[in-house]
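Working notes, structure below.
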Amino acid sequence: MSLDYTPWQRTADSANLLDSSGTPSMTIFEEITALANKHQAVNLGQGFPDTEGPEEIRRIAVEAILGGANQYAPGSGILDLREAICEHQQRFYGINLDPATQVVVSTGATEAIAASLLAFVQPGDEVVTFEPYYDSYAAMIGLANARHRVVQLERPDFQPDIEKLRAAVTDATRVIVVNNPHNPTGSVLSDQVLQEVVDLAHQHDCIIVADEVYEHLRFGTKHTPIASLPGGFERTITISSAGKSFSFTGWKVGWASGPEHLITAVRTVKQFLTYSSGPAFQPAVAQALRLPDKFFTGFAEELGHTGQLLAAGLERAGIPVFRPQGTYFLVADVAQLGYEDATEIARIMPERLGVAAIPLSVFVHPENRAAYASLLRFAFCKKESVIAEAVTRLQRIGELKR
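In this text, residue positions in the sequence shown follow this note's numbering: the first is 94, and each later residue adds one.
Next up, the structure:
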């Protein structure tokens, strides 16, 4: 990264969006979506559902708008939502929180991530993430003028090497970002890995930012928050959102929870980013968090079914896949089709097959792309009929072999 870069250039460069002249380029998501639209392809590239969240929850938002919830909400979020977040953490994980001091509502999980990093990371500090990673992590690390160190998730099961994790976390590390379940691979980090992160945070006096937005999208196993592990709570900012759990990605309602001293810092930064948002959505999300257990398990089962449908279809077409353990993403390996970089096949699939996917290499440091070059990410948060149509079209993927 150039020392002459301005903050916006650091942000774009860290997200791999600057060309050699320093000009920002189109993201691969924009490019693939444009191709999908042009060719009327089934878009399994971007991760947003094509079904609406629960109707009874949507009605609460409508009634709130009509009832006058159209001005600023409190900067920390309305009390009912903060209380619902506390109830949720206690109900599912046995974590006790104070809604007054240990929870802050944000404009989506991404803002909570940004506020957490900007609150604690100084220029020159190191931030460790697993790789591949959600691109916003890299962008915010760049904006903070920090150093981004990565620990690769290794095939076939996308778990990190413990010794490499230990080597990456040093006394220069200020924050360890843990995304679990993991986007983009669909893997779930083992409890051994999570406990190692906690132990390293204590050993090197750093903070854990736990991005757990896919907490309820687990297939056959229960989620383990890193804050619930021995020694975890006191060093962890836990982040989640309504977008993934309830299919309300456009509402942009997220939250961060944790020890008072950490949440105070996040809140202080967050108030100068958006201050507040979604006053009509917040009471709706509060009630969504109080939905019965069968909603959460049923939603995960439905997603698991579409994920397995897509995985089986790709395998029938001769494409190896990593069957996801969580999230709504699936990784497939197209190496046998003869492309040095899956970006090439991703660009022709919308026209030739009528299906869009994203190359996994866009979620990694440029120097590490070779390790993931043959992999594609598919999103399966779509109606079963849509996935079935995509599977039918993907049976011809062998025609693209070089």
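We treat Cβ as the ideally placed atom computed from N, Cα and C, and that holds for glycine.
Every value quoted in this text rests on a predicted model; they were computed, and no experiment measured them.
The continuous stretches of beta strand (DSSP E) do not include His297, and DSSP gives it neither H nor E.
Counting along the chain, Ser338 sits inside the alpha helix (DSSP H) bounded by residues 335-339. Under the DSSP assignment, Arg470 falls in the beta strand (DSSP E) whose first and last residues are 468-472. A residue is called buried when at least 16 other Cβ atoms come within 10 angstroms of its Cβ; Tyr465 meets this threshold and is buried. With distances taken between CA atoms, Thr367 lies nearest to Gly168 out of Leu402, Glu124, Asp426, Gly168. At the C-beta level, Ile356 and Thr194 come within 8 Å of one another. Distance from Pro274 to Leu310 at the Cβ level is roughly 6 Å; contact confirmed, criterion being Cβ atoms closer than 8 Å. Taking a 10 Å sphere around the C-beta of Phe456, we find 16 or more other C-beta atoms and assign the residue as buried.
The Cβ atoms of Val135 and Ala358 do not sit closer than 8 Å to each other. Leu382 sits close to His181, with the two beta carbons spaced by under 8 Å. Check the Cα spacing between Thr278 and each of Arg328, Pro225, Ile255, Ala231: the tightest is with Pro225. Cβ-Cβ separation between Lys475 and Thr399: approximately 7 Å, consistent with a contact (criterion under 8 Å). Under the criterion of beta carbons closer than 8 Å, Ile412 and Asp426 qualify as touching, at roughly 7 Å.
In terms of CA proximity to Ile269, Thr331 leads the group Ser283, Thr331, Ala410, Arg248.
As the crow flies, the alpha-carbon of Gly447 is around 45 Å from that of Gly351. Bounds of the beta strand (DSSP E) holding Arg267 are 266-272. DSSP places Gln183 within a helical segment (H, G or I) once states are collapsed to three.
Closest in alpha carbon position to Val220, among Leu493, Ile188, Ala294, is Ala294. Beta-bridge partners of Ala439 (DSSP): none assigned. Less than 8 Å divides the Cβ of Glu204 from the Cβ of Gly347. Taking a C-beta distance under 8 Å as the contact criterion, Ala208 and Lys363 qualify as a contact pair. Of the candidates Thr342, Ala320, Glu123, the residue whose Cα lies closest to the Cα of Pro142 is Thr342.
Under DSSP, Thr222 takes part in a beta bridge, and its partners are Val243, Val270. The continuous beta strand (DSSP E) containing Ala349 extends over residues 347-350. Non-local beta-carbon contacts of Cys179 in its own chain, meaning distances under 6 Å to residues more than five positions away in sequence, involve Leu190, Pro192 in chain order.
Under a 10 Å Cβ-count criterion, Ala129 is classified as buried, with 16 or more other Cβ atoms of the shown protein chains found around its own Cβ. Fully contained in the stretch 345-414 are the following alpha helix (DSSP H) runs of length 4 or more, in chain order: 353-363, 374-382, 386-409. In the three-state DSSP reduction, Phe422 falls in the strand class (E or B).
Your pair Leu430 and Ala450 does not check out as a contact, with CB atoms roughly 13 Å apart and the cut at 8 Å. Among the bridge pairs identified by DSSP, Ile330 is matched with Val302. Beta-bridge partners assigned by DSSP to Pro117: Leu111.
By the criterion of a C-beta distance shorter than 6 Å, Ala373 is surrounded in its chain by Ala154, Ala157, Ile158, Ala162, once the five residues flanking it on both sides are discounted. Only residues of its own chain outside the window of five on either side were considered, and among them Glu289, Leu293 have a CB closer than 8 Å to the CB of Arg259, listed in chain order.
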